[in-house]
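**Q** Before we start, here is the structure in question, set down as C-alpha cells.
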Amino acid sequence: MIKIAVDGPSGAGKSSLAKAIAKQLGVVYVDTGALYRAVGLYILRSDIDPTDADTVTGQLNNITVELKFVDGVQRIYLCGEDVSEEIRTPTVAKYASDVSSIGAVRTFLLDTQRNIAATTSVIMDGRDIGTVIMPDADVKIFLTASAEARALRRYNELVKKGASVSYDEIFSGMQQRDANDSGRAIAPAVPAEDAVILDNSNYSEEETLAAAMKIIKSGLEAAGKSI
Ligand code: DC
Numbered sequence: 000m001i002k003i004a005v006d007g008p009s010g011a012g013k014s015s016l017a018k019a020i021a022k023q024l025g026v027v028y029v030d031t032g033a034l035y036r037a038v039g040l041y042i043l044r045s046d047i048d049p050t051d052a053d054t055v056t057g058q059l060n061n062i063t064v065e066l067k068f069v070d071g072v073q074r075i076y077l078c079g080e081d082v083s084e085e086i087r088t089p090t091v092a093k094y095a096s097d098v099s100s101i102g103a104v105r106t107f108l109l110d111t112q113r114n115i116a117a118t119t120s121v122i123m124d125g126r127d128i129g130t131v132i133m134p135d136a137d138v139k140i141f142l143t144a145s146a147e148a149r150a151l152r153r154y155n156e157l158v159k160k161g162a163s164v165s166y167d168e169i170f171s172g173m174q175q176r177d178a179n180d181s182g183r184a185i186a187p188a189v190p191a192e193d194a195v196i197l198d199n200s201n202y203s204e205e206e207t208l209a210a211a212m213k214i215i216k217s218g219l220e221a222a223g224k225s226i
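Residues in the sequence shown are numbered consecutively from 0, following numbering that gives the first Met the number 0.
This is the structure in C-alpha cells:
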C-alpha cells in the first residue's frame with residue numbers, strides 16, 4: 000500500500016495537486032477538509048456559534064459524517080444527505096475553520112480518516128495528515144505559497160465564475176484562516192518534521208505536479224516501494 004500526505008494552508012492548490020497525483024498513481028484521493036466542512040454545515044444549519052466549543056461538542060452525538068467513493072470520486076454525507084456541493088461556500092469554510100480547532104471535533108473525525116488510511120492506498124490532503132492522521136506516510140508534502148499568491152489565485156477563480164469580489168476581502172479572509180488554522184493549540188497546520196516543503200508561489204499547476212511527482216518518486220524509492 001502507498002500512503003501520501005499533502006498538508007498546507009488554504010488556497011495552496013492541495014486538492015488539484017492531490018487529484019492529479021491520484022489519477023497518475025491510481026490511488027484513492029481523500030479530501031479531509033470536507034469532513035470539517037460537513038460538521039461546520041451542521042452547526043451553521045443549527046444556528047449555533049461555531050466558536051462555542053461546549054455547545055458544538057454537545058451536538059456531535061447527533062451528527063453522522065460519511066465519505067463514499069463513486070467512480071473514484073469522493074462524496075460526503077451529513078446525516079445521510081449528500082452535501083458535497085453545499086459545503087463549498089465561504090460561510091461553511093469559516094464555520095469549518097472554527098469547529099476544526101475544537102478537540103472533540105477532531106477526535107470525532109479521526110477514525111473515519113484513519114480507517115480509510117489503513118485499508119487503501121491513498122493520497123490524503125488536509126492540515127494534520129502527516130503529523131496526526133498518517134504519521135507513517137511514505138511521502139509527506141507540505142504544499143505552500145505566499146498569502147498574496149494564494150489570494151490572487153482564489154480571486155481569479157471567483158472572478159472567472161462571475162462572482163463580484165474584491166481582492167482585499169479575499170486576502171484578509173485568507174490571512175484570518177491561516178492564523179486560525181496554524182495558530183490553534185490542537186493539531187495546528189504545520190509541516191511534519193519529515194515533510195518536504197514545496198513552495199509553489201511561482202509555479203503553474205503543471206510545474207507543481209512535476210515537482211511533487213519528483214518528491215513522491217524519491218520518497219517511495221526510499222520506502223522500498225515503486226510506482
Ligand atoms: O481544506 P479545506 O479548506 O476544505 O478545510 C476546511 C477547514 O477544515 C480548514 O479551515 C481547516 C480545517 N481542516 C483541518 O483542521 N484539518 C484537516 N485535516 C483538514 C481541514
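Glycine included, every Cβ here is placed at the ideal spot set by N, Cα and C.
1. For Thr207, does the count of other Cβ atoms within 10 angstroms reach 16, so buried, or fall short, so exposed?
2. Going by the CB atoms, is the gap between Leu219 and Asp135 shorter than 8 Å?
3. When the Cα atoms are used, what is the spatial distance from Ile1 to Asp30?
4. How about Ala92: is its Cβ closer than 7 Å to a heavy atom in the ligand DC?
5. Any chance the CB of Ser99 is under 7 Å from a heavy atom of the ligand DC?
6. Relative to the C-alpha of Ala257, which residue among Met212, Ala103, Asp193, Ala222 is closest?
7. Look at the alpha carbon of Ser120 and the alpha carbon of Ala19, and state the distance between them as a whole number of angstroms.
8. Between the C-alpha atoms of Glu80 and Ser100, what's the straight-line distance to the nearest angstrom?
9. For the alpha helix (DSSP H) that contains Ala222, what are its first and last residues?
10. Strictly by DSSP, which residues pair up with Lys139?
11. Among Ser163, Val5, Ser9, Gln58, which has the Cα closest to the Cα of Ser145?
12. Name the one or two DSSP bridge partners that Tyr76 has.
13. Closer than 7 Å by C-beta to Ser14: which residues in its own chain qualify, once you throw out the five before and the five after it? Chain order, please.
14. Counting only the same chain and skipping the five closest in sequence on each side, list residues whose C-beta sits under 7 Å from that of Asp193.
15. Helix, strand or coil: which one does DSSP assign to Met173?
16. Starting from Gly57, follow the alpha helix (DSSP H) in both directions and report where the run begins and ends.
17. Quick one: any contact between the segment 171 to 190 and the segment 30 to 44, if contact means 3 or more CB pairs under 8 Å?
18. Count the other C-beta atoms from every protein chain shown that fall within 10 angstroms of the C-beta of Ser96, then say buried if there are 16 or more, exposed otherwise.
19. For Arg238, verify whether its CB is less than 7 Å away from any heavy atom of the ligand DC.
20. Between Lys67, Arg105, Thr50, which has its C-alpha nearest Tyr35's C-alpha?
21. Could you give the residue range of the beta strand (DSSP E) that holds Ile115?
22. My understanding is that Ile132 touches Tyr154, with C-beta atoms under 8 Å, so please give their C-beta distance in whole angstroms.
23. Would you identify the three-state DSSP class for Asp97, choosing helix, strand or coil?
24. Please give the ranges of any alpha helix (DSSP H) in the segment 150 to 222, keeping only runs that are unbroken, at least 4 residues long and fully inside the region.
**A** Once the coordinates are examined:
1. It counts as buried.
2. Not in contact: Asp135 and Leu219 (Cβ atoms no closer than 8 Å).
3. Cα to Cα, Ile1 sits roughly 16 Å from Asp30.
4. The answer is yes for Ala92.
5. Distances between the C-beta of Ser99 and the heavy atoms of the ligand DC include at least one below 7 Å.
6. Outside the displayed range of the chain (0 to 226) lies residue 257, so it cannot be described from this structure.
7. Cα-Cα distance, rounded: 15 Å.
8. Rounded to the nearest angstrom, the two C-alpha atoms are 25 Å apart.
9. Here Ala222 belongs to no alpha helix (DSSP H), and DSSP marks it neither H nor E.
10. Residue pairing by DSSP places Lys139 opposite Ala4 in a beta bridge.
11. Taking each of Ser163, Val5, Ser9, Gln58 in turn and checking the Cα distance to Ser145, the smallest one comes out for Ser9.
12. By DSSP's assignment, Tyr76 forms a beta bridge with Glu65, Asp81.
13. The answer, listed in chain order, is Asp30, Asp124.
14. Counting only Cβ-Cβ distances below 7 Å, and skipping sequence neighbours, we find Lys139.
15. If DSSP states are grouped into helix, strand and coil, Met173 belongs with the helices.
16. Gly57 -> alpha helix (DSSP H) spans 52 to 58.
17. Because the criterion of three Cβ pairs below 8 Å is not met, the segment 171 to 190 and the segment 30 to 44 do not touch.
18. Flag for Ser96 reads buried.
19. With the chain running from 0 to 226 in the structure shown, residue 238 is simply not present.
20. The shortest C-alpha separation from Tyr35 is found at Arg105.
21. For Ile115, there is no enclosing beta strand (DSSP E); the enclosing alpha helix (DSSP H) covers residues 102 to 118.
22. Ile132 to Tyr154, Cβ: 31 Å. No contact.
23. Three-state DSSP puts Asp97 in a helix.
24. Complete alpha helix (DSSP H) runs here, min 4: 166 to 182, 204 to 221.
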